[in-house]
Amino acid sequence: MDTKSRVIKLYNGSIVTTTTIIKNGTVIVRNGIIEALSEGNMKVTGATEIDVKGKYIGPGLIDNQVNGFAGISFSLGGSQLSEGGIEIATRELWKKGVTTYLPTLTTNSQEILVKNLTQLAKSADNIELMGSIPGFHLEGPYINPEDGYCGAHPKRFVRLPDWNEFMELYKASGQKILQITLAPEMNGALDFISKCNQHGIVVALGHHNASAEIVTEAVNRGAIIATHFGNGVANMIGLSPGGAMLTFTEPSGRFSQACCLAVLSDVPV
1 MDTKSRVIKL
11 YNGSIVTTTT
21 IIKNGTVIVR
31 NGIIEALSEG
41 NMKVTGATEI
51 DVKGKYIGPG
61 LIDNQVNGFA
71 GISFSLGGSQ
81 LSEGGIEIAT
91 RELWKKGVTT
101 YLPTLTTNSQ
111 EILVKNLTQL
121 AKSADNIELM
131 GSIPGFHLEG
141 PYINPEDGYC
151 GAHPKRFVRL
161 PDWNEFMELY
171 KASGQKILQI
181 TLAPEMNGAL
191 DFISKCNQHG
201 IVVALGHHNA
211 SAEIVTEAVN
221 RGAIIATHFG
231 NGVANMIGLS
241 PGGAMLTFTE
251 PSGRFSQACC
261 LAVLSDVPV
């Protein structure tokens with residue numbers, strides 16, 4: 001099917017907007033983009049019509065950290081990441097309600113990261129995926145290598161922040177690295193955060209053992225998210241609030257969680 005000329009009409013549904021619910025409404029989608037909402041059954045010529053039979057029509061979910069899905073890894077070199085694999089993962093995410101996401105690459109060699117980002121950048125422009133991939137999340141390699149903080153990231157590839165190295169990755173991504181997770185206590189990390197902020201790249205703190213003072217300085221330089229907060233930290237973290245500080249004491253702080261019972265108990269989930 002020619003996606004460029006595709007028009008979809010969803011009707012007879014309850015449309016959830018930011019302010020209200022439109023009963024018996026119609027949604028028009030053209031080229032993968034919502035074009036119009038209306039009450040009643042709007043007439044549209046040449047559209048594929050779908051009667052949702054009174055069900056809710058709402059915005060898709062947005063996930064800023066998807067390391068892989070449906071058997072497809074975005075990080076591992078051995079997975080032979082391909083355009084077809086990325087499309088499979090994306091379409092399977094659609095079935096779960098996720099319509100926009102950031103493929104996330106974890107700590108690896110520079111060679112593998114460049115290779116996978118280059119492939120992902122090509123898929124991000126695939127019109128069949130209808131804009132589902134606006135960019136990417138780089139989780140590592142500039143994290144804390146200590147046990148309990150680096151998690152499942154391979155220690156041999158963990159390294160100190162290097163702006164020139166990162167710019168090589170940024171170029172391979174088509175300048176679409178939108179978020180990076182790092183450990184602010186590592187040498188050079190605070191200046192790195194400032195540079196990311198200048199480039200409009202969202203900085204998240206994760207896989208770290210930073211003091212409250214360093215977290216505060218990282219926030220002052222532009223860090224705004226705590227990545228998968230509460231997952232797999234060291235068994236003993238001392239009296240300093242450290243990683244929790246961004247989440248609970250900074251007004252601008254946000255956090256994400258990996259809601260998987262293999263890495264987090266059911267209480268916080």
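If you read the sequence shown in full-length UniProt numbering, its first letter stands for residue 1, the second for the next number, and so on. All residues carry an ideal CB built from backbone N, CA and C; glycine is no exception.
With contacts defined as CB atoms closer than 8 Å, Ser-14 and Gly-40 fail to qualify as a contacting pair.
Assigned with DSSP and collapsed to three states, Gly-32 falls in coil, not helix or strand. Per DSSP, the unbroken alpha helix (DSSP H) holding Leu-117 starts and ends at 110 to 124.
The straight-line gap separating the alpha-carbon atoms of Gln-65 and Gly-174 is approximately 19 Å. Counting C-beta atoms within 10 angstroms of its own C-beta, His-153 has 16 or more neighbours from the protein chains shown and is therefore classed as buried. The C-beta of Ile-33 has fewer than 16 other C-beta atoms within 10 Å across all chains shown, which makes the residue exposed.
For Lys-9, DSSP records a beta bridge to Ile-28, Glu-49.
The three-state reading of DSSP puts Ala-223 in strand, counting E and B together.
As for any beta strand (DSSP E) of minimum length 3 sitting wholly inside the segment 157 to 204, the runs are 177 to 182, ordered along the chain. When secondary structure is reduced to three states using DSSP, Leu-102 falls in the strand class.
Counting along the chain, no beta strand (DSSP E) covers Leu-93; the unbroken alpha helix (DSSP H) around it starts and ends at 83 to 95. Excluding the 5 residues flanking it on each side, Ile-21 has same chain C-beta neighbours closer than 6 Å at Ser-14, in chain order.
Here Gly-68 is bridged, per DSSP, to Ser-73.
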